[in-house]
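The opening residue of the sequence shown carries number 1 in the working numbering; numbering runs sequentially from there. Idealized CB from N, CA, C, for every residue including glycine. Computed from a prediction, not measured in an experiment: that's the story for all the values here.
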Amino acid sequence: MNKTTQVYLVGAGPGDSGLITVKGKRCLQRADVVLYDRLCNPALLGDVSPAAEQIYVGKNMGHHALPQEQINALLVEKAREDKVVVRLKGGDPFVFGRGGEEIDTLAEAGIPFEVVPGVTAGFAAGAYAGIPLTHRDFTTSVTLVTGHLNTRKDPQRDIDWPALGRGHGTLVFYMGLTNIATICDELIRHGRAEDTPVAVVSHASTPQQRTLIATLADAPQQVAQQGVTSPAVILIGDVVTLHERLDWFQSSLTTEATSAESPSKAADTTPQDDTARTNILIFTGNGKGKSTAAFGMALRAVGHGQRVHILQFMKNDPDVGELAALERLGVPVEQCGLGFVPKPDHPLYAAHREAAEQGLARAEAAIFSGNHDLIILDELCGTVARGLLDEHKVVDLLRRAPAPLTLVLTGRHAVPALIDLADTVSEIQPVKHAFEQGIPARKGVEF
């Protein structure tokens, strides 16, 4: 590495942290500041010095931790503080990663930079799904295409659909899950056969990887029915037919799962340190004590030296006992609500939805920061049940949470999708309540 370089644009590769390059790891070890994206595996931040500044600048559909212009400005600002800055980007910085815009800003500011390539998601998706993007018996060309379409425009202005429709090479669409119906319709309309094979690979190279095989005619319907979530790459072409025979990765996961469930394993009751996955717990029901149970778990975690972070949805009351107690323990609490939530037809309901969306963005930043062992998402279940948050978006976020993070959700009316995802669900039901006996709410009990 050049000692005069101040900013490194590093490709983190796809979900598997082992796919980053050796040079990329060295850049992280040397960094004074790391600006990292949503799709970077948080395990990579383990190579960063504890003294280094870590800044989350991730983007999700409709929710950006920082606008691109501010990210560009921040790179310049940190470099001018005479710091070594790493801009860690999922996949490859120059493949639909806006890396060109960032180094253009650096070049204009006269700041030395280097680019460290990474494994782009499209290539990883093909490799981990057993789908060679090129094969002498099928095709000798591959085209990478953005699936992030501007639906208010004529699709013809975004993508050269006639050229893609006439061709016979493999097509790789990035960020196209939301627009898969448009993508398939346009390709059929411009010449691709309806029975052209399609593979939708979500969470490529991670234990959560799923590969859906379909055709141009039925892929949108299959994606909706099977609940495929982003991040996902869409592979289109005859090479997809090789998946069934060459799918080495999913087969290895199945073998591991089968071994884990074998009788010899089942008979072993020795506690295991399972750090290979997240742990999601839910406290729900109409009874009193859901948040209290979660705060008790926070106390236990702090006692073990774990790093705890709490985000409270819907709540906006600083004068409650738990906040003072948690502050003394060094546990940060973010209140992300506006208080009592009115009915959907109330003029203020939209403001509550916006507050919930902002809270979810803050939760995402905390989850992928790599700075916490246990995160409590207080009243998140109730927030989803009241329609303030899209349950699919919440489930997608929780499913992507990095191991070995523990997530605790509380709130009434946990929806089935959250219950299905969770590892432990406790339902607290009322038997009787002091209020019914005329006893008013008391400090230390109700608040």
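Going by DSSP, what residues sit across from residue i in a beta bridge?
i	result
residue 340	In DSSP, residue 340 forms no bridge with anything.
residue 198	214, 236
residue 185	Looking at the DSSP assignment, residue 185 forms no beta bridge with any residue, so it has no partner.
residue 409	282, 377
residue 424	281
residue 333	310
residue 35	55, 87
residue 246	In DSSP, residue 246 forms no bridge with anything.
Would you tell me roughly how many angstroms separate the C-alpha atoms of residue i and residue j, rounded to the nearest one?
i	j	result
residue 187	residue 163	9 angstroms
residue 57	residue 362	11 angstroms
residue 370	residue 45	7 angstroms
residue 287	residue 223	37 angstroms
residue 12	residue 204	14 angstroms
residue 213	residue 149	23 angstroms
residue 348	residue 311	22 angstroms
residue 483	residue 376	Past the edges of the chain, shown from 1 to 447, lies residue 483, and the structure says nothing about it.
residue 28	residue 36	11 angstroms
residue 211	residue 137	23 angstroms
residue 234	residue 93	19 angstroms
residue 403	residue 250	19 angstroms
residue 390	residue 384	7 angstroms
residue 237	residue 315	50 angstroms
residue 322	residue 67	34 angstroms
residue 444	residue 308	21 angstroms
residue 448	residue 169	No statement about residue 448 is possible, as the shown extent of the chain runs from 1 to 447 and does not include it.
residue 106	residue 78	11 angstroms
residue 459	residue 218	Only positions 1 to 447 of the chain appear in the structure, and residue 459 is not among them; the question remains open.
residue 48	residue 54	9 angstroms
residue 528	residue 303	Outside the shown range of the chain (1 to 447) lies residue 528, about which nothing can therefore be said.
residue 424	residue 285	14 angstroms
residue 178	residue 26	36 angstroms
residue 526	residue 91	Beyond the ends of the chain as shown, which are 1 and 447, falls residue 526; an answer cannot be given.
residue 174	residue 124	12 angstroms
residue 455	residue 122	Only positions 1 to 447 of the chain appear in this structure, which leaves residue 455 out of reach.
residue 39	residue 434	48 angstroms
residue 182	residue 198	14 angstroms
residue 451	residue 396	With the chain running from 1 to 447 in the structure shown, residue 451 is simply not present.
residue 103	residue 414	45 angstroms
residue 135	residue 400	32 angstroms
residue 419	residue 374	19 angstroms
residue 296	residue 171	51 angstroms
residue 432	residue 417	29 angstroms
residue 201	residue 126	8 angstroms
residue 9	residue 23	11 angstroms
residue 59	residue 320	33 angstroms
residue 318	residue 159	51 angstroms
residue 118	residue 230	20 angstroms
What span of residues does the alpha helix (DSSP H) with residue i cover, start to end?
i	result
residue 398	391 to 400
residue 415	Neither: residue 415 is in no alpha helix (DSSP H) and is coded neither H nor E.
residue 209	Run containing residue 209: none; DSSP gives neither H nor E here.
residue 440	Element bounds for residue 440: n/a, residue is neither H nor E.
residue 429	Taken as a continuous stretch (DSSP letters only), residue 429 belongs to no alpha helix (DSSP H), as it is neither H nor E.
residue 365	349 to 367
residue 162	161 to 166
residue 27	22 to 30
residue 220	219 to 226
residue 326	321 to 328
residue 296	290 to 303
Assuming residue i is part of the beta strand (DSSP E), what are its boundary residues?
i	result
residue 170	170 to 174
residue 7	7 to 11
Under 7 angstroms from any heavy atom of the ligand ADP, does the C-beta of residue i make it?
i	result
residue 133	Ligands displayed in this structure: none; no statement on the ligand ADP is therefore possible.
Cβ contact check for the region 116 to 132 and the region 239 to 253: 3 or more pairs under 8 angstroms: Judged by Cβ distances under 8 angstroms, the region 116 to 132 makes contact with the region 239 to 253, as three or more pairs qualify.
Contact the region 280 to 288 vs the region 403 to 414: 3+ CB pairs below 8 angstroms: Counting Cβ pairs under 8 angstroms, three or more are found: they touch.
Ordered list of alpha helix (DSSP H) runs contained in the region 72 to 155, each at least 4 residues: Within the region 72 to 155, the complete alpha helix (DSSP H) runs of at least 4 residues are 99 to 109, 121 to 128.
contact_flag[the region 420 to 428, the region 326 to 340] where n(CB pairs < 8 angstroms) is 3 or more: Contact between the region 420 to 428 and the region 326 to 340 is absent, because fewer than three Cβ pairs lie under 8 angstroms.
Inter-stretch contact (C-beta, 8 angstroms, three-pair minimum) for the region 110 to 127 and the region 178 to 192: In the pairwise beta carbon analysis, the region 110 to 127 is classified as not touching the region 178 to 192: fewer than three pairs are separated by under 8 angstroms.
Cβ contact check for the region 17 to 31 and the region 99 to 107: 3 or more pairs under 8 angstroms: No contact exists between the region 17 to 31 and the region 99 to 107.
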